[in-house]
Structures are given as structure tokens and as C-alpha cells.
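Trainee:
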Amino acid sequence: MFKKNSLLMFMITLLSLSASVNAVPVIPNKAFLTGIVKEYCLTSSGFNGIVPEQTLFKLTIFIDKAEDVEGHPNFLKGKEGQTIPFFTKEKPNLEIYGERVKAIIEYKGDERGGLFWIKDIEIVK
333 MFKKNSLLMF
343 MITLLSLSAS
353 VNAVPVIPNK
363 AFLTGIVKEY
373 CLTSSGFNGI
383 VPEQTLFKLT
393 IFIDKAEDVE
403 GHPNFLKGKE
413 GQTIPFFTKE
423 KPNLEIYGER
433 VKAIIEYKGD
443 ERGGLFWIKD
453 IEIVK
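The opening residue of the sequence shown carries number 333 in my numbering; numbering runs sequentially from there.
Below you can see the structure in the form of C-alpha cells.
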């Protein structure tokens, strides 16, 4: 009985220690994206584990090209032909839906997960 209780206490201690350890942030990265906006909507940051609660804009984009930005790893490399969600705090122009765009992308997060963030979005004709 003593061994079982000791083991249980040890496991609880390990779990509480691992929960309090800070996660390591992802390395700085950037990519140039060219693609077509397939979805544009408002979403709550809470749905994506971001606090404090705030409004985010979600753009789901079909990726045509994911080009390197000099001096930065490209986390979109190999994702051409895929449709991926991107987030921004800045309200994009409503006319962006269905259009071909180019933008700068960064992945932010840690080893537990993260999101692609989009900025400097412009429509390309």
C-alpha cells in the first residue's frame, strides 16, 4: 500500500512540475505567400487558446507559392497546393474574399502548437 501511495504522489508531483514548465517559443521565421482566399471570417481568440479574449480575422488560403524571406526559415515550404488558415488582428478589406493575394507569413507558437499569422496583405491581379 505504501508503494502505491508513494508512486501516486510521485506521479502527481511530476505532472504538476511539467505543467508549470514554460514552453520554448518557435524560432523567428517568415515566408512570402501567394494564394487565393477561400474563406474570410471573424473568430474569437478563445477558440484558438489565446488570452485575453479578442476578435481575430481568419483567412483560409489556398497556397500557390511559399517563397523564402532571406535570413529566415520558411515554415510554409512544401505546403503549396494546401489550404491553410491564417490569422490577423487587423481587419482585411472585405473585397479580399476569392481574390489572389500576396502577403508575409509568420508562424508563432511553441512546441505545444501555434498559428500562422498574416500581414502586409495585398490583392494581386
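Where a beta carbon is used, it is the ideal one built from N, C-alpha and C, also for glycine. Keep in mind it's a predicted model, so treat the numbers as computed, not measured.
Is Ile428 helix, strand or coil when you go by DSSP?
Mentor: helix
Trainee: Return helix, strand or coil for Phe418, following the three-state DSSP convention.
Mentor: strand
Trainee: Spatial neighbours of Val401 within its chain, please: CB distance less than 8 Å, with the 5 preceding and 5 following residues excluded, ordered by chain position.
Mentor: Lys362, Ala363, Phe364 and Ile436
Trainee: Span of the beta strand (DSSP E) holding Glu399?
Mentor: Thr387 to Asp400
Trainee: Quick one: what's got a C-beta closer than 8 Å to Leu388's C-beta in the same chain, skipping five residues either side?
Mentor: Leu374, Thr375, Ser376, Ser377, Asn380, Ile382, Phe419, Thr420 and Lys421
Trainee: So, with DSSP's three-state summary, where would you put Phe407?
Mentor: coil
Trainee: If contacts are defined as beta-carbon pairs under 8 Å, then Phe394 and Ile368 qualify, I think. What distance do you get, rounded to the angstrom?
Mentor: 5 Å
Trainee: At the level of alpha carbons, what is the spacing between Asn459 and Thr415?
Mentor: Residue coverage of the chain in this structure runs from 333 to 457, which leaves residue 459 outside it and unanswerable.
Trainee: Do you know how far the Cα of Glu371 is from the Cα of Met333?
Mentor: Its pLDDT being 49, under 50, Met333 is placed unreliably in this model, and the value from its coordinates should be taken loosely. If you take the alpha carbons of Met333 and Glu371, they lie about 58 Å apart.
Trainee: Buried or exposed for Ala355, going by 16 or more other Cβ atoms inside 10 Å?
Mentor: exposed
Trainee: With distance defined between alpha-carbon atoms, name the residue in Glu385, Ile455, Pro405 and Val456 nearest to Glu438.
Mentor: Glu438 has its Cα closest to that of Pro405, out of Glu385, Ile455, Pro405 and Val456.
Trainee: Does DSSP put Gly445 in a helix, in a strand, or in coil?
Mentor: Correct three-state label for Gly445: strand.
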